[in-house]
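If you use my numbering, the first sequence closes out at 262, no skipped numbers anywhere. All C-beta atoms, glycine included, are put in the ideal place defined by N, C-alpha and C. Here the structure is a predicted model, which is why all the values come from computation and not from measurement. Single-structure report; data block below.
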Amino acid sequence: MPAFDRARLEAHAVEVAPLLLGAVLTHTTAEGAVAVRLTEVEAYSGLGEDPGSHAHRGRTARNDVMFGDAGRLYTYFTYGMHTCANVVTGAPGTAGGVLLRGGEIVSGLELARTRRTTARKDVDLARGPARLASALGITLADGGADLLGEGAFSLRPGEPLPAERIATGPRVGVAGPGGDATAFPWRFWIADDPTVSQYRPAVRRRRG
DNA sequence: GCTGCGATTGACT
DNA sequence: GTCAATCGCAGCT
55 MPAFDRARLE
65 AHAVEVAPLL
75 LGAVLTHTTA
85 EGAVAVRLTE
95 VEAYSGLGED
105 PGSHAHRGRT
115 ARNDVMFGDA
125 GRLYTYFTYG
135 MHTCANVVTG
145 APGTAGGVLL
155 RGGEIVSGLE
165 LARTRRTTAR
175 KDVDLARGPA
185 RLASALGITL
195 ADGGADLLGE
205 GAFSLRPGEP
215 LPAERIATGP
225 RVGVAGPGGD
235 ATAFPWRFWI
245 ADDPTVSQYR
255 PAVRRRRG
């Protein structure tokens with residue numbers, strides 16, 4: 055199966071996100087290979103229009119990868135313990151990205167289980183952005199890796215999905231202007247798929 | 001240098 | 001349903 059066409063990833067993140075649904079991301083390490091069929095993603099625009107984007111305030115050491123070529127892996131560390139994975143989209147310098155929020159393990163199930171010992175069911179192995187990264191064995195050190203080259207990663211398009219199977223809605227944990235997450239309905243998922251994460255509205259963290 | 005908080009998860013009531 | 005864990009980044013002094 056051919057790799058995902060890089061030119062298709064150079065469009066705006068909102069256009070790329072639905073194309074990634076059903077695509078299969080494979081990560082091969084010394085332990086073996088795990089492949090995930092993507093069922094849930096979120097688009098982030100690097101432009102000033104999107105306050106939820108890590109690139110919204112400009113280029114920093116952390117988000118540097120987002121300003122590079124489309125088709126590379128952008129990883130970030132959050133909440134002091136979790137790693138999340140994104141596919142860089144858009145032309146270089148535009149800093150768009152698509153967060154991989156959930157998927158179905160289609161290969162390497164045993165290895166994924168050893169990496170996700172707290173998951174009780176197989177559908178929970180990659181349901182949620184930090185879970186997906188963990189199941190694939192993605193760490194911060196993988197940031198910047200090319201998903202379309204000859205390296206440890208491969209990203210292949212899946213079967214084209216009929217429009218009625220693609221659902222959209224507000225992004226998770228991200229508030230838009232005035233706290234309105236629905237201002238950016240940039241979350242895309244495969245309708246009725248059990249590996250789509252549960253929606254949680256953006257909440258302000260309590261003061262401690 | 002100091003402080004507040006986040007593109008979350010899992011454990012617990 | 002509620003809540004703690006845990007640390008790098010961004011913004012401010």
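Alpha-carbon spacing of A173 relative to R241, whole angstroms: 24 Å
Cα-Cα separation, A50 to E94: The requested residue 50 is not part of the displayed model; the chain covers only 55 to 262.
Inspect the CB distances between the region 108 to 123 and the region 71 to 78 and report whether three or more fall short of 8 Å. no
Considering A139, what are the terminal residues of the beta strand (DSSP E) in which it resides? H136 to T143
Among all the DSSP beta bridges, which residues are the ones paired with F242? V95 and T222
Beta strand (DSSP E) runs wholly inside the region 143 to 175, at least 3 long, in chain order: 150 to 161
Pairs of beta-carbons, one from the region 160 to 171 and one from the region 127 to 146, closer than 8 Å: are there three or more? no
Would the beta-carbon of S251 fall within 7 Å of that of G106? no
Just to confirm my understanding: we take G262, look at its own chain, exclude 5 residues before and 5 after, and list those with CB closer than 8 Å. What are they? With a pLDDT of 40 at G262, under the threshold of 50, the predicted position of this residue should be treated as unreliable, though the coordinate-derived value follows. Excluding positions up to five away in sequence, the list is empty.
Top-ranked residue by Cα proximity to V152, from G134, H136, Y130 and R170: Y130
Sort V70, R60, R91 and L63 by Cα distance to P248 and report the nearest one. R91
Could you check where the alpha helix (DSSP H) with S251 kicks off and where it finishes? Unbroken run through S251: none, as it is neither H nor E.
A237 to P224 span [Cα, whole Å]: 7 Å
Pairwise C-alpha distance: L209 and A180: 16 Å
Determine the burial state of L73: buried for a count of at least 16 other Cβ atoms within 10 Å of its Cβ, exposed for fewer. buried
Does DSSP put D123 in a helix, a strand or coil? coil
Which same chain residues end up closer than 7 Å to L194 when comparing Cβ atoms and leaving out the 5 residues on each side of it in sequence? T129, F131 and T137
Boundaries of the beta strand (DSSP E) in which R210 is found, first to last residue: F207 to R210
Please state whether the Cβ-Cβ distance between L186 and R60 is less than 7 Å. no
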